[in-house]
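K.L.:
Mind having a look at this structure? Questions to follow.
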Amino acid sequence: MSQTLAADDPAAPGTRERVFSGIQPSGASHLGNYLGAQANYVALQDRYDAIYAIVDLHALTTVHDGETLRRLSHEMVLDLLAVGLDPQRCSLIRQSDVPEHAELAWIFNTCVPVAWAERNPTYKEARDEGKENSVGLLDYPVLQAADIVLYKASRVPVGKDQAAHLEFSREVVRAFNRRYAPVFPEPQPVYTEAPVVLGIDGVRKMSKSAGNTIPIFAEPDEIRRLVMSMVTDPLRIKRTDPGRPEVCNVCQLHRFFGADYLQIQDGERTARTGCVETKQLLAERIIEFFRPMRERRAELAADGAVVEETLAAGADAVRPIVDATMAEVRDAVGIGPRRVA
Ligand code: TYM
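Right under this line is the structure:
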């Protein structure tokens, strides 16, 4: 069961459930990240006990230069603060600052049959395409499961591209709970209204690894350039041909940047408007939408201390939760000194 939450849904009184999500510091935040996940990170921080992680251990599967990874982690903290995460209202952590993520992942590894791990679509894709392919990549979803339930989080704001990973997390939890004790809740995804956002090629998911993104904090001219290069309806060859907004990625994105998207789609369908003007309008709207966040980000970036202070406060805030969960886990599986009952 998943859920789409609007920003004004009330939290159940007296039951502040825990929300957790992670984002890889493998490149600049893009429209898919924002529309699919970050918008909900922000919306949920007031109604839940929210923890968000820069998952640098996950990014080790693709970023293989130490200085680059450090810089990208730093940049991602700035991105998250700029989109509206407030360290007073949520905890922002760096995964590697909490080594128990890796410890719990190892314990889960011993509960997960290899065949389950081999179903991981990212791993299969890399294997089939003959790409660099590590044990870490195979194991990536196990670490993701550990991330979430280390905090006993029950809700996970993610984009719809993560549905399979969340289902896998629930299977991992069930395998652990069955073998040892009912320690963990089964986490459920929380989706925004957005579908899996397609990249500028109009075919593949927008993703840093595919190099088809529109970074939300890019300079306005760069956003214009990228939007103008977006593939629209491939069957609309001439300006006078009617378009199919349902297959046009530009028309679909308009949905999130103005209440008049139905008119815009109608303009395309009837050839009243051309792809060029629809793209120009989209580019300007994206730039305007992110302008206050871009300004805020520039202010934050000028403050040399804010990132590390935020992460240090986040690590302190989650420490008691981590200690409590891991004490239960170590007791259940029989590692570490026996605790006095
Ligand atoms: P990552 O870093 O690829 O993406 C971060 C978030 O952005 C969402 N997203 C998208 N949503 C819609 N359309 C897109 N094109 C798109 N691209 C990215 C993702 O769904 C995600 O919510 N495996 C995760 C990171 C992770 C994690 C976790 C997430 C590690 N541990 C624990 C949740 C809970 C990932 O690679 O996200």
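One point on numbering: in this note's numbering, the residue at position 225 of the sequence shown is 225, and numbering is uninterrupted.
Cβ coordinates follow ideal geometry from the N, Cα and C atoms, glycine included.
These numbers were taken from a predicted model, which means no experiment stands behind them.
(1) Run the proximity test for ASP161: is its beta-carbon closer than 7 Å to any non-hydrogen atom belonging to the ligand TYM?
(2) Grab the span of the alpha helix (DSSP H) containing LEU44 for me, first residue to last.
(3) Three-state secondary structure (DSSP) at LYS205?
(4) What I want to know is whether the C-beta of HIS74 ends up closer than 7 Å to one or more non-hydrogen atoms of the ligand TYM.
(5) Would you give the residue range spanned by the alpha helix (DSSP H) that VAL63 belongs to?
(6) Buried or exposed: where does LYS208 fall if 16 or more other Cβ atoms within 10 Å of its Cβ makes it buried?
(7) Which full runs of the alpha helix (DSSP H) of 4+ residues lie inside the segment 202-246, going along the chain?
(8) Three Cβ pairs or more, each shorter than 8 Å: is that satisfied between the segment 67-84 and the segment 118-137?
(9) Going by CA-CA distance only, name the one from ARG225, ALA301 and THR240 that's closest to ARG272.
(10) Ends of the beta strand (DSSP E) at ASP86?
(11) State the CB to CB distance for the pair ILE287 and THR278, rounded to an integer number of angstroms; the pair is presumed to be in contact (CB under 8 Å).
(12) Report yes if the CB atom of VAL149 is closer than 8 Å to the CB atom of VAL173, and no otherwise.
(13) If we ignore side chains and look at the alpha-carbon of each, how far apart do ARG179 and ARG330 end up?
(14) What span of residues does the beta strand (DSSP E) with ALA50 cover, start to end?
(15) With a Cβ-Cβ cutoff of 8 Å, do PRO25 and ILE51 count as a contact?
(16) Assuming the contact rule is C-beta atoms closer than 8 Å, LEU282 and VAL227 should be a hit. Round their C-beta distance to whole Å, please.
(17) What are the partner residues of ASP94, as DSSP defines its beta bridges?
(18) Just to confirm, are LEU198 and ASN249 a CB contact at a threshold of 8 Å?
(19) Quick one: what does DSSP say SER2 is sitting in, helix, strand or coil?
P.N.:
On the basis of the supplied data:
(1) Taking non-hydrogen atoms of the ligand TYM into account, the C-beta of ASP161 is found less than 7 Å away from one of them.
(2) Counting along the chain, the alpha helix (DSSP H) containing LEU44 begins and ends at 39-44.
(3) strand
(4) no
(5) Unbroken run through VAL63: none, as it is neither H nor E.
(6) buried
(7) 220-228
(8) Cβ pair count under 8 Å is below three, so no.
(9) For ARG272, the nearest C-alpha among the options comes from THR240.
(10) Looking at the DSSP string, ASP86 is not in any beta strand (DSSP E), and its letter there is neither H nor E.
(11) At roughly 15 Å, the Cβ-Cβ gap does not stay under 8 Å, so ILE287 and THR278 are not in contact.
(12) yes
(13) Spanning the two alpha carbons is a distance of roughly 14 Å.
(14) 49-54
(15) For the pair PRO25 and ILE51, the CB atoms are not nearer than the 8 Å cut-off.
(16) 5 Å
(17) Contrary to the premise, residue 94 reads as Arg rather than Asp in this sequence. DSSP, once it has assigned bridges, lists ILE54 as partnering ARG94.
(18) For LEU198 and ASN249, yes; Cβs fall inside 8 Å.
(19) Confidence in SER2 is poor, its pLDDT being 47 and thus under 50, which makes the residue's placement unreliable; the coordinate value appears in the next sentence. DSSP places SER2 in coil when its eight states are reduced to three.
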